[in-house]
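Structure first, then comments.
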Amino acid sequence: MNLLPYPRSLKRQAGNFILPKEQPLLGIAWVRSAKAPDHPEGYLLTIDRRGVRIEYRETGGLLAAGATLRQLLREYGRRLPCLKIRDWPDFARRGVMLDISRGRVPKLETLLDLVERLADFKINEFQLYTEHTFAYRRYKSVWQSWGALTAAEIRTLDARCRELGIDLVPNQNSFGHLRYFLEHPKVKQLAEVSAPYEGSTGDFLRFPTTLAPNHPGTIKFIRELYDELLPNFSSKFLNVGCDETWDLGRGQSKKLCERRGKGRVYVDFLKQIQREAAKRGCRMMFWGDIILHHPELIPELASLGVPPSGGSGRPPKGGTPNLIALNWGYEATHPFEKEAATFAKSKVPFYVCPGTATWMTLLGRHDTAFANLKFAAAAGRKHGAIGYLNTDWGDGGHPQPLAVSWPLYVIGAAHSWCSKSFDEKLLRPVLSRDVYEDPTQDVAKAAIALGFAHRKFDYLESNVTPFGAVIAAPPPETRELFCRSGLKYYARIKPKNIQAALVEVEKQRTVLAKTKSSSKYGVMLKMELELAARMAAQSCHIMLWQQALAAGKTGEAKRLARAGIKALLQIENTYNACWPWRNKATPVKSSSFLKWRRDDYKRGKVHFPPEVARVAKAKTYAAE
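2 is the number of the first residue of the sequence shown in the working numbering; add one for each residue after it.
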C-alpha cells in the first residue's frame with residue numbers, strides 16, 4: 002500500500018467500500034473517542050463495508066487521519082480497501098525549513114502550494130529561513146534587489162497554514178548571517194568587524210556577517226526587527242538563528258571576549274535575545290552549533306523561562322525552559338547521538354535538524370541525505386527530542402529547484418512520523434502520485450537517480466558535489482568561500498569518472514524527455530529537473546575543458562569552450578524563462594555564475610593545474 006509516512010500499524014481486511022459518488026462525505030464518519038491512541042495526533046482509521054470511520058482524541062489526530070485518507074483516495078479512488086490503521090507520530094513537531102535568503106525568494110503561490118502538499122505528508126511545522134528577505138519598511142534597499150515576502154503575504158500564508166494544522170514559525174537570524182543588513186548605512190556601525198578578513202586557510206575572504214553583541218544599538222536593532230516581523234505570525238515560537246557567528250571576538254567585542262571568554266559573551270547575548278522573544282510571547286529557537294563548543298554553559302540555558310513581573314525569569318520548579326536548541330548536521334556521519342545526549346543531559350529541549358543535502362549539488366547528495374535523515378530521527382527518539390526539522394538550504398546562489406528537494410521532504414516526513422515503518426521502495430510510487438503527478442513513475446525514477454549520480458566521480462567532500470561546486474562557484478578573484486573547493490575539483494577527478502558522471506546525467510535526461518506528466522504542476526517539476534540536469538552536465542564539460550587546458554590539448558579545449566559558451570547561453574535563457582513561475586525579483590542573484598562561466602571559457606585560464614591541486618590540502622566548508 003503506497004502510503005508515506007507509512008502507518009505504524011496497518012491491517013488489511015477483506016472487501017472494499019465504495020464512497021458515494023454524489024456526496025462522498027456521507028460515507029465518512031469522524032468522532033472523538035477514547036479508543037484512539039493516547040496521543041494528540043493519534044488516530045484510528047477503519048474502513049469496512051459500512052464506510053469510513055475516524056476516531057481521534059484531539060484535532061491533530063483528525064488532521065493526521067485526513068492526510069492518510071487523502072493518500073488512500075488518490076491511490077484507490079472511491080473504491081477503498083477495507084483496513085484498520087492505528088497510528089501516532091514519533092515526534093510531536095515535524096517540520097521543513099526552506100532557505101529564502103540565498104537567491105530564491107518564492108512567490109506566495111509557490112509557498113501556498115508547498116504547504117498544501119507538505120500537510121499531506123503530516124508535516125505540522127514550516128519555517129522560512131530569513132536573513133534579509135522580509136520586506137522591512139526601514140530597510141528596503143537591503144532586500145529590494147533580492148525580492149522579499151511582505152507582511153500581507155506572511156499573514157495570508159500563516160492563515161492557510163493554520164487551516165492545514167501547520168505552525169508557520171517566524172525565522173529571523175539575529176546574531177550572525179546578517180551580511181546584507183550590515184552593508185546598510187544605518188546598521189553598519191553594529192557590525193563586529195568593519196571589513197572582510199582572511200578565512201582560516203587564507204584562500205578565501207569572510208565578509209562581515211555578525212553583530213557586535215556589546216554595541217548599545219544592537220539589541221535596539223533586533224527589537225525593531227521583531228516588532229515589525231512577529232505581529233504577522235500566529236506562532237508562539239521564534240527561530241532567532243544565532244549560528245556560525247564567525248566574526249565574534251575579532252572586532253568590537255575582542256577585549257570583552259578576551260576578558261570573559263567567547264562562549265560567555267555568546268551566551269549572555271543569547272539570553273538577551275531570549276528575553277526579547279519572551280516579552281513578545283514567543284519561545285525562542287536557536288541553532289545549537291556554537292553552544293555545543295561550550296558544553297559547560299549549556300545548563301544555564303535550562304533555567305531560562307518567561308520573565309515574570311519583577312522576577313528572575315527562571316521557570317518554575319519542574320517547568321520547561323522557554324527555549325529550544327536546534328541540533329543541526331548534514332553529513333551521514335554527523336554525531337547526532339553525542340550532541341543529542343548533551344542537550345538531553347542538560348535538560349535543554351531540542352530538535353534534531355538534518356538536511357536535504359541539495360545545496361551546492363544541483364541534483365542532490367541522496368546517499369548522504371538518506372542516511373542523515375534516518376540517523377537524526379534515531380538519535381532524536383533515543384534522547385527525547387521534541388521536534389524534527391528537515392532543513393533545505395540554498396548556499397551558492399540557490400540554483401537547485403524545489404523539484405530536486407521533494408524526495409528528501411518526503412523521506413524526512415516519513416522518518417519524523419514513524420521511522421521504523423518507513424520503506425524506501427514506497428518513495429518512487431508516492432512521489433509519482435502525490436508530487437510529480439506522473440503515472441509512469443519515470444520522473445520520480447530520474448529525480449532519485451540524479452541524486453546519486455555524483456557517486457560516479459568517486460570523489461567525496463563535505464557539503465557539496467562537483468556538479469554544484471564547479472558550475473556555481475563564484476569567480477576566484479572574489480575569493481568567496483565556495484570558489485575554493487569547487488575549482489580544485491578540476492584536477493582531482495579522473496577524466497573517466499567525469500565521463501561516467503556525464504553519461505549518468507544524460508541517461509536520466511533521456512528518461513525525463515520521454516515522460517508526459519498528467520498536470521501543469523508536474524510539467525513544471527519535470528522542466529526544473531531537466532534544467533538542473535543540464536547545468537550538472539555543464540559542470541562535467543567545464544572540468545573536462547579545464548583538464549584539457551592543463552594538459553596542453555589546445556584544440557580540444559577550444560572545441561569544448563565553443564560548445565560550452567553556446568550551452569550556457571541556452572541554459573541562461575531557460576533559467577530566466579522558468580524563474581517567474583515560482584520566484585520573486587530576478588534570477589540575477591541566483592544565476593550570475595552562468596555569465597562568469599562564459600567569460601571564463603573566453604579567458605581560457607587554468608585555475609588549478611593538476612600538479613598544484615594534487616598536493617593542496619583539502620579543506621571543507623564544514624571545517625571552517
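Glycine is no exception: its CB is placed at the ideal position from the N, C-alpha and C atoms.
Every beta strand (DSSP E) of 3 residues or more that sits fully in the stretch 163-203 is shown, in chain order, as 168-170. Taking the CA atoms as reference points, Gly553 sits about 42 angstroms from Ala372. Apart from sequence neighbours up to five positions away, the residues of its chain that approach Met536 with a beta-carbon distance below 7 angstroms are Leu363, Pro400, Ile472 and Ile572, ordered along the chain. The alpha-carbon separation between Ser10 and Val405 amounts to approximately 31 angstroms.
Following the DSSP letters along the chain, one finds Ser433 in no beta strand (DSSP E) but inside the alpha helix (DSSP H) bounded by residues Leu428 to Asp435. Sequence-distant partners of Gly218 (beyond 5 residues in either direction) whose C-beta falls short of 6 angstroms from its own C-beta, in its chain, are Leu191. The stretch 90-103 makes contact with the stretch 118-137, as at least three CB pairs between them are under 8 angstroms. If you draw a straight line from the Cα of Asp100 to the Cα of Gly397, it comes to about 12 angstroms. By the CB criterion at 9 angstroms, Ala326 and Phe344 fall inside the cutoff.
Annotation for Ala342: His384 place their beta carbon closer than 6 angstroms to its own, counting only its chain and skipping 5 residues before and after. Considered as a whole, the stretch 279-309 harbours 284-288 as its complete beta strand (DSSP E) runs of no fewer than 3 residues, in chain order. Non-local C-beta neighbours of His335 in its own chain, meaning closer than 6 angstroms and more than five positions away in sequence, are absent. The closest CA to that of Lys585, considering only Gly16, Lys12, Gly148 and Pro38, is found on Gly148.
Following the DSSP letters along the chain, one finds Trp580 inside the alpha helix (DSSP H) bounded by residues Thr555 to Arg583. If you look at Pro475, you'll find it isn't in any beta strand (DSSP E); DSSP assigns it neither H nor E. Under DSSP, no beta-bridge partner is assigned to Val524. Sixteen is the threshold: when 16 or more other Cβ atoms of the shown chains lie within 10 Å of the Cβ of Val97, as they do, the residue is buried. Boundaries of the alpha helix (DSSP H) harbouring Trp597: Val589 to Arg604, taken from the DSSP string. Note that the C-beta distance between Tyr576 and Pro588 is below 9 angstroms. DSSP links Val512 through a beta bridge to no other residue. Given a length threshold of 4 residues, each whole run of the alpha helix (DSSP H) inside the stretch 350-435 is given here in chain order: 367-384, 403-419 and 428-435. Rounded to whole angstroms, the Cβ separation of Gly264 and His294 is 7 angstroms, and the two are in contact under 8 angstroms. For Phe127, the uninterrupted beta strand (DSSP E) run begins and ends at Glu126 to Tyr130, by DSSP.
When secondary structure is reduced to three states using DSSP, Trp144 falls in the helix class. From the listed residues Lys567, Tyr267 and Tyr130, the smallest Cα separation to Phe176 is found for Tyr267.
Classified as exposed, Asn574 has fewer than 16 neighbouring CB atoms from the shown chains inside 10 Å of its CB. Ile55 sits buried, since 16 or more C-beta atoms from the chains shown fall within 10 Å of its C-beta. Around the C-beta of Thr511, fewer than 16 other C-beta atoms lie within 10 Å, and the residue is accordingly described as exposed. Close CB contacts of Ile566 within its chain, under the 8 angstroms cut and outside five residues either way in sequence, are with Arg599, Tyr602 and Lys603 (chain order). The beta carbons of Leu231 and Pro171 sit closer together than 9 angstroms.
Per the coordinates, the alpha-carbon of Arg429 lies some 19 angstroms from the alpha-carbon of Gly78. Taking one beta carbon from each stretch, the stretch 181-189 and the stretch 136-144 have 3 or more pairs nearer than 8 angstroms; the two touch. The stretch 488-502 makes contact with the stretch 539-554; the number of CB pairs closer than 8 angstroms reaches 3 or more. In this structure, Gly306 lies away from Ala278, with their beta-carbon atoms at least 9 angstroms apart.
Distance from the CA atom of Pro467 to the CA atom of Phe205, rounded to whole angstroms, is 19 angstroms.
If you draw a 10 Å sphere on the C-beta of Asp443, you find 16 or more other C-beta atoms in it, and that means buried.
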